[in-house]
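Numbers 1 to 114, taken from the numbering used here, label the letters of the sequence shown in order.
We put the beta carbon where it would ideally sit given N, CA and C, even for glycine.
As the structure is a computational prediction, the values presented were derived from the model and not from experiment.
What follows is a set of notes on a single structure, which appears directly below.
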Amino acid sequence: FLQGAVIYSFFSGADMKIAVAFHGSFTAFPPVVVDEISPYLLILSGGDDGLHGNQTIMEDAFNSGNADWEITRYSGVDHGYTDWYVPAYDLAADARSWESMSTAFHEMLAVPKM
């Protein structure tokens, strides 16, 4: 669930259905070496997160691998918004991003009912 899973999908990722990044650091991308990025990519970042990187470059990288992707940014929220122990913690963005991931899991994976 780190940006590493997203970057991994540029090289292989065929064994993954979804890659989720919470406040990932996407300041540079390697070249895509697969014909198609197979996992669904869900990027969840703070709107004020300087480590989010250039969104146009990110989208171009995903599109060059024919990826199915979604990027959500939370207004006024900085890097680390899910970490309770840092000043950037944001309860609303934390809850909304977790719900977004949970929804994607339910749509993309066979999740047993509790």
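Where residue i falls: helix, strand or coil (DSSP)
{"i": "Thr-103", "result": "helix"}
{"i": "Glu-70", "result": "strand"}
{"i": "Ala-93", "result": "helix"}
{"i": "Phe-29", "result": "coil"}
{"i": "Val-7", "result": "Checking the displayed sequence, the identity of residue 7 turns out to be Ile instead of Val. It is helical."}
{"i": "His-156", "result": "Nothing about residue 156 can be reported from this structure: the residues present for the chain run from 1 to 114 only."}
{"i": "Ala-61", "result": "helix"}
Beta bridge counterpart(s) of residue i as assigned by DSSP
{"i": "Val-20", "result": "Leu-42"}
8 angstroms contact criterion, which residue i and residue j should meet: CB distance rounded
{"i": "Ser-97", "j": "Phe-22", "result": "6 angstroms"}
{"i": "Ala-93", "j": "Gly-80", "result": "That pair is no contact at about 10 angstroms."}
{"i": "Glu-76", "j": "Asp-48", "result": "The sequence as given places Gly at residue 76; Glu does not occur at that position. Their Cβ separation, rounded to whole angstroms, is 6 angstroms, which keeps Gly-76 and Asp-48 in contact under 8 angstroms."}
{"i": "Val-34", "j": "Ser-12", "result": "7 angstroms"}
Within 8 angstroms, strictly: CB atoms of residue i and residue j
{"i": "His-52", "j": "Arg-73", "result": "yes"}
{"i": "Met-16", "j": "Ser-9", "result": "yes"}
{"i": "Val-55", "j": "Ile-71", "result": "Note that residue 55 is Gln in the sequence shown here, rather than Val. Contact: yes."}
{"i": "Ile-18", "j": "Tyr-40", "result": "yes"}
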